[in-house]
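*Asks:*
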Amino acid sequence: MILTPTTSNTSVRTDEPGRRRRRRRPQLSSWLFLAPGLVFLAVFLAVPFAIAVRLSFTNQRLSSPLPRRSVGWENYRALWHDAAFRRALTNNLIFAAVVVPVQTGLALVLALLVNQKVRFVRFFRAVFFAPVVMGIAVASSVWFLLFDRQNGLVNGALDLVTFGHVHPQWLQSTHTSLIAIMIVSIWASVGFQMVILLAGLQDVAADLLEAAEVDGATPLQRFRHVTVPSIRNTLVFVVTMTTIFAFRLFDQVYIMTQGGPLGSTDTVLLELVKVGYERQQVARACAISVVFFLIVTAITVVQRALVKERT
Amino acid sequence: MIRSQHRPRRRVLTYAGLCVAALAFLGPLLFMIVGALKPGNRVLTESASWKAFVPTSPSTHNFQQAVDRGSFLLLLRNSLIVSSITVVLGLVVNSPFGYALARFRFRGRRALLMAVIALTIVPFQAVAIPLLYLMSGWGWRNTFTALIVPFVANPFFIYLFYSFFLNLPRELEEAARIDGARQGRIFISIAVPLARPAFATVGILAFLASWGELLWPALITDDINVRTLPLGISVFRSVPPIDQGVILAFVLLAALPTLALFVALQRHFIASVARSGIKG
Chain S
122 MILTPTTSNT
132 SVRTDEPGRR
142 RRRRRPQLSS
152 WLFLAPGLVF
162 LAVFLAVPFA
172 IAVRLSFTNQ
182 RLSSPLPRRS
192 VGWENYRALW
202 HDAAFRRALT
212 NNLIFAAVVV
222 PVQTGLALVL
232 ALLVNQKVRF
242 VRFFRAVFFA
252 PVVMGIAVAS
262 SVWFLLFDRQ
272 NGLVNGALDL
282 VTFGHVHPQW
292 LQSTHTSLIA
302 IMIVSIWASV
312 GFQMVILLAG
322 LQDVAADLLE
332 AAEVDGATPL
342 QRFRHVTVPS
352 IRNTLVFVVT
362 MTTIFAFRLF
372 DQVYIMTQGG
382 PLGSTDTVLL
392 ELVKVGYERQ
402 QVARACAISV
412 VFFLIVTAIT
422 VVQRALVKER
432 T
Chain X
2 MIRSQHRPRR
12 RVLTYAGLCV
22 AALAFLGPLL
32 FMIVGALKPG
42 NRVLTESASW
52 KAFVPTSPST
62 HNFQQAVDRG
72 SFLLLLRNSL
82 IVSSITVVLG
92 LVVNSPFGYA
102 LARFRFRGRR
112 ALLMAVIALT
122 IVPFQAVAIP
132 LLYLMSGWGW
142 RNTFTALIVP
152 FVANPFFIYL
162 FYSFFLNLPR
172 ELEEAARIDG
182 ARQGRIFISI
192 AVPLARPAFA
202 TVGILAFLAS
212 WGELLWPALI
222 TDDINVRTLP
232 LGISVFRSVP
242 PIDQGVILAF
252 VLLAALPTLA
262 LFVALQRHFI
272 ASVARSGIKG
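Chains S and X supply the protein sequences, listed in that same order. Read in order, the letters of the first sequence are residues 122 to 432 in the working numbering. Read in order, the letters of the second sequence are residues 2 to 281 in the working numbering.
#1: Just mark residue 224 of chain X as buried or exposed, buried being the case when its beta carbon has 16 or more other beta carbons within 10 Å.
#2: So, residue 320 of chain S versus residue 252 of chain S, is the Cβ gap smaller than 8 Å?
#3: If the cut is a Cβ gap below 7 Å, which residues of chain A does residue 151 of chain X touch?
#4: For the alpha helix (DSSP H) holding residue 324 of chain S, just list the boundary residues, first then last.
#5: Who are the neighbours of residue 157 of chain S on chain X, taking C-beta pairs under 7 Å?
#6: Starting from the Cα of residue 155 of chain X, find the closest Cα among S:276, S:192 and S:161 and give me that residue.
#7: Do the stretch 142-153 of chain X and the stretch 199-215 of chain X meet, that is, are 3 or more Cβ pairs less than 8 Å apart?
#8: In angstroms, rounded to a whole number, what distance separates the CA positions of residue 345 of chain S and residue 317 of chain S?
#9: At 3 residues or longer, what runs of the beta strand (DSSP E) sit wholly inside the stretch 141-201 of chain S?
#10: Tell me whether the beta-carbon of residue 272 of chain S lies closer than 8 Å to the beta-carbon of residue 57 of chain X.
#11: Between the Cα of residue 378 of chain S and those of S:358, S:269, S:325 and S:367, spot the shortest distance and give me the residue it belongs to.
#12: Does residue 398 of chain S get closer than 8 Å to chain X when you measure Cβ to Cβ?
#13: Ignore the nearest five residues each way along the sequence and tell me which others in residue 133 of chain X's own chain have a CB closer than 8 Å to its CB.
#14: Which residues in chain S sit within 9 Å of residue 238 of chain X, going by Cβ to Cβ distance?
#15: Output the boundary residues of the alpha helix (DSSP H) element that contains residue 182 of chain X.
#16: Using 8 Å as the cut-off, can you tell me whether the stretch 417-431 of chain S makes contact with the stretch 330-340 of chain S, which would need three or more C-beta pairs spanning the two stretches below that distance?
#17: Let me see if you follow: with CB-CB separation under 8 Å, is residue 43 of chain X close to chain S or not?
#18: Are any of the Cβ atoms in chain S nearer than 8 Å to that of residue 115 of chain X?
#19: Is it a yes or a no for the stretch 37-46 of chain X touching the stretch 239-248 of chain X, going by three-plus beta-carbon pairs under 8 Å?
#20: Should residue 284 of chain S be labelled buried (16 or more other beta-carbon atoms within 10 Å of its own) or exposed?
#21: Quick check: is the beta carbon of residue 220 of chain X nearer than 8 Å to any beta carbon in chain S?
#22: In three-state DSSP terms, what is residue 170 of chain X?
#23: Within 10 angstroms of its Cβ, does residue 129 of chain X collect 16 or more other Cβ (buried), or is it exposed?
#24: Alpha helix (DSSP H) containing residue 76 of chain X: first to last residue?
#25: Taking 8 Å as the CB-CB cut-off, is residue 59 of chain X touching chain S?
#26: At a CB-CB cut-off below 7 Å, which residues of chain X make contact with residue 418 of chain S?
#27: For the putative contact between residue 388 of chain S and residue 213 of chain S, defined by C-beta atoms under 8 Å, what is the C-beta separation to the nearest angstrom?
#28: What is the rounded straight-line gap between the Cα of residue 69 of chain X and the Cα of residue 156 of chain S?
#29: Could you say if the stretch 404-419 of chain S and the stretch 363-378 of chain S meet the contact criterion of at least three C-beta pairs nearer than 8 Å?
#30: If you count every other CB in all the chains shown that lies within 10 Å of the CB of residue 209 of chain X, and 16 or more means buried, which is it?
#31: For residue 374 of chain S and residue 304 of chain S, which I take to be in contact (beta-carbon distance under 8 Å), what is that distance rounded to the nearest angstrom?
#32: Establish whether the CB of residue 35 of chain X and some CB of chain S are separated by less than 8 Å.
#33: Check whether the stretch 357-366 of chain S touches the stretch 285-300 of chain S, taking contact to mean three or more Cβ pairs, one atom from each stretch, closer than 8 Å.
#34: Which parts of the stretch 214-278 of chain X are runs of the alpha helix (DSSP H), unbroken and 4 residues or longer, counting only runs that do not cross its ends?
#35: What's the C-alpha gap between residue 229 of chain X and residue 76 of chain X?
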């Protein structure tokens, strides 16, 4: 390139006075470009996070006449011994263990289906994506009725298929409530993962697939040895995202069960709201925030390591 | 094309798979629409069979109730205010940030880029309680400001803009610079128009996130005058007298604006979400 990129202006060393003024301009204007974002990021993300860490070592309440004092690791110790919190964390883990593989698998199947060159494929794509657009609050309200133990459509269909032998209590039973939440979650968000995987599939080199076909590879072999390796990073991303979403589980349980019955659908974020808002124990909720942050960070670090390994 | 003609069996299987899946997705949607048209006492009594999909004695009574008793229009107005301002401010704040990271050389650029990437990990929920604590102190509870400002600057959106501008050829900007245009002017009249896909992506993702947000409004508001739709749904469902038909009409009305937008901008929605996966 003949043109000197502006970006190198700062590195051009010259003592001409006219040049020098020009050299400083990018410096100043870059900070003008950055300033609004920096202010928002600092005030509403970085500083609150620092405050979360700090308050988690105190006895702060939302509004309290008592002075704030340091309590060391007490909040974390209390969390560790808090049966409700442990239950919530366990629920998140079970939820993740089931939903991540099932939802990723279903998303991949849907992505493969809508990646075929058949008619109405855009219609199907839109149908699968519609719940994502509607929002979880809407989906949860509808499924709350579908899961009604007496009159719900889900049990109606089950009765028909099993001649009345299988009739779960769904949201009313500690055994099935989390399963119902899983089903709603998958229904409401699998379209999102589908679209991301579809983008990955469309980047798979067609000549590679054709070469494999010419070499006599079966469709299954082509999928395993050409498609899957090509979309590996996308798959890792989708798995990570779904895992993080699993730990962010909140809207569905807030609307459908409020964590019940008997804590069987309680989650970390629901505990965060109960402790921090309803019980106004800000310090303890901050400890939950920090734990939550560490979980999400750990998942992300693992993902980045997995992606780097290959690229 | 040739392949699919060669393999009718595969096409049949594809269609079968697509139709089964579509049934699972359309069923609940149809149930919602039909139920919204039914008298409330019939929604559940008729929902265990095929009758769930037949609008027996349909009327718009439920919608009327959702608007009158559920204050639907007020909640819709609130959601529109919060989401539109969040999206616009988000574009205005994040795009120049990403542009500066991609185009300018200034001291601390690399460190700042690393900081932005590191911040993409911090989930909003991890700062919700300290924000609640801070904003309660500032008297910001039950304000639109409190609902908007935490979602304006977004490290991931900054990163999306950054990588978009990084891959954008700079020739036009260079030419303008030689003609003596200032940085701000170059950004607004050259870079921004070229970056329309990035703006669409960030705008749509920010809109979907803001429109669906439930946790933060549940923490920071308890006043219906600033309540947004997701929290409005959650509250309205538990206010007696509980009428399933009215609830379904309410959630259907709540889903309609975004569904309409989606139908109109389908390709952009799909492309935006697809682009959000191109990361790492």
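Backbone N, C-alpha and C fix where the C-beta goes; we use that ideal spot for every residue, glycine too. Being a predicted model, the structure only gives us computed values, none of them experimental.
*Replies:* Reading from the atomic positions:
#1: Against the second sequence, residue 224 of chain X aligns to sequence position 223. Only exposed fits residue 224 of chain X, as fewer than 16 other CB atoms lie within 10 angstroms of its CB.
#2: Locating residue 320 of chain S in the first sequence gives position 199, where the first residue counts as 1. Locating residue 252 of chain S in the first sequence gives position 131, where the first residue counts as 1. At least 8 Å separates the beta-carbon of residue 320 of chain S from that of residue 252 of chain S.
#3: Here chain A cannot be found, since the structure's protein chains are S and X.
#4: The residue labelled residue 324 of chain S in the question sits at position 203 within the first sequence. Neither: residue 324 of chain S is in no alpha helix (DSSP H) and is coded neither H nor E.
#5: Residue 157 of chain S sits at position 36 when you count from the first residue of the first sequence. Here the neighbours are 94.
#6: Mapped onto the second sequence, residue 155 of chain X falls at position 154. Selected option, being the one with the closest Cα: S:161.
#7: Three or more Cβ pairs drawn from the stretch 142-153 of chain X and the stretch 199-215 of chain X lie within less than 8 Å of each other, which places the two stretches in contact.
#8: Looking up residue 345 of chain S in the first sequence gives position 224. Looking up residue 317 of chain S in the first sequence gives position 196. Going from the Cα of residue 345 of chain S to the Cα of residue 317 of chain S covers about 19 Å.
#9: Correct list: empty.
#10: As a position in the first sequence, residue 272 of chain S is number 151, starting the count at 1. As a position in the second sequence, residue 57 of chain X is number 56, starting the count at 1. In this structure, residue 272 of chain S keeps its C-beta atom at 8 Å or more from the C-beta atom of residue 57 of chain X.
#11: As a working mapping, residue 378 of chain S is identified with position 257 in the first sequence. When each option's Cα is compared against that of residue 378 of chain S, the closest is S:269.
#12: Residue numbering aside, residue 398 of chain S sits at position 277 when the first sequence is read from its first letter. Yes, residue 398 of chain S counts as interfacial toward chain X.
#13: In the second sequence, counting from the first residue as 1, residue 133 of chain X sits at position 132. Contacts found: 220 and 221.
#14: In the second sequence, residue 238 of chain X corresponds to position 237, counting from 1. Near residue 238 of chain X (Cβ distances below 9 Å), the residues of chain S are 262, 265 and 376.
#15: The residue given as residue 182 of chain X occupies position 181 in the second sequence. For residue 182 of chain X, no alpha helix (DSSP H) run applies, since DSSP gives it neither H nor E.
#16: Touching, no.
#17: Counting from one through the second sequence, the residue named residue 43 of chain X turns up at place 42. Not a single CB atom of chain S sits nearer than 8 Å to the CB of residue 43 of chain X.
#18: If you number the second sequence from 1, residue 115 of chain X lands on position 114. Not an interface residue.
#19: Result yes; three or more Cβ-Cβ pairs closer than 8 Å.
#20: Translated into positions along the first sequence, residue 284 of chain S becomes position 163. Residue environment: residue 284 of chain S is assigned as exposed (fewer than 16 neighbouring CB atoms within 10 Å of its CB, all protein chains considered).
#21: For the purposes of this step, residue 220 of chain X is taken as residue 219 along the second sequence, with counting starting at 1. Yes, contact with chain S.
#22: Within the second sequence, the letter at position 169 stands for residue 170 of chain X. Assigned with DSSP and collapsed to three states, residue 170 of chain X falls in coil, not helix or strand.
#23: Locating residue 129 of chain X in the second sequence gives position 128, where the first residue counts as 1. Residue burial annotation: residue 129 of chain X is buried, with at least 16 other C-beta atoms found within 10 angstroms of its C-beta.
#24: Mapped onto the second sequence, residue 76 of chain X falls at position 75. Where residue 76 of chain X is concerned, the enclosing alpha helix (DSSP H) stretches over 73-104.
#25: Translated into positions along the second sequence, residue 59 of chain X becomes position 58. By this cut-off, residue 59 of chain X is not an interface position.
#26: For this step, residue 418 of chain S is matched to residue 297 along the first sequence. What residue 418 of chain S touches in chain X: 122.
#27: Position 267 of the first sequence, counted from the first residue, corresponds to residue 388 of chain S. Position 92 of the first sequence, counted from the first residue, corresponds to residue 213 of chain S. Contact annotation, residue 388 of chain S with residue 213 of chain S: C-beta distance approximately 5 Å; criterion of less than 8 Å satisfied.
#28: Residue numbering aside, residue 69 of chain X sits at position 68 when the second sequence is read from its first letter. Residue numbering aside, residue 156 of chain S sits at position 35 when the first sequence is read from its first letter. CA-to-CA, the gap between residue 69 of chain X and residue 156 of chain S works out to about 45 Å.
#29: Because the criterion of three Cβ pairs below 8 Å is met, the stretch 404-419 of chain S and the stretch 363-378 of chain S touch.
#30: Against the second sequence, residue 209 of chain X aligns to sequence position 208. By the beta-carbon neighbour count (other beta carbons within 10 angstroms, threshold 16), residue 209 of chain X is buried.
#31: The count along the first sequence starts at 1 and reaches residue 374 of chain S at position 253. The count along the first sequence starts at 1 and reaches residue 304 of chain S at position 183. The beta carbons of residue 374 of chain S and residue 304 of chain S sit about 13 Å from each other, so the pair does not count as a contact at 8 Å.
#32: Numbered from its first residue, the second sequence carries residue 35 of chain X at position 34. Using a CB distance cut-off of 8 Å, residue 35 of chain X does not count as an interface residue toward chain S.
#33: Touching, no.
#34: Listed in chain order, they are 216-221, 230-237, 245-265 and 267-277.
#35: Your numbering for residue 229 of chain X matches position 228 in the second sequence. Your numbering for residue 76 of chain X matches position 75 in the second sequence. Those two C-alpha atoms are separated by around 5 Å.
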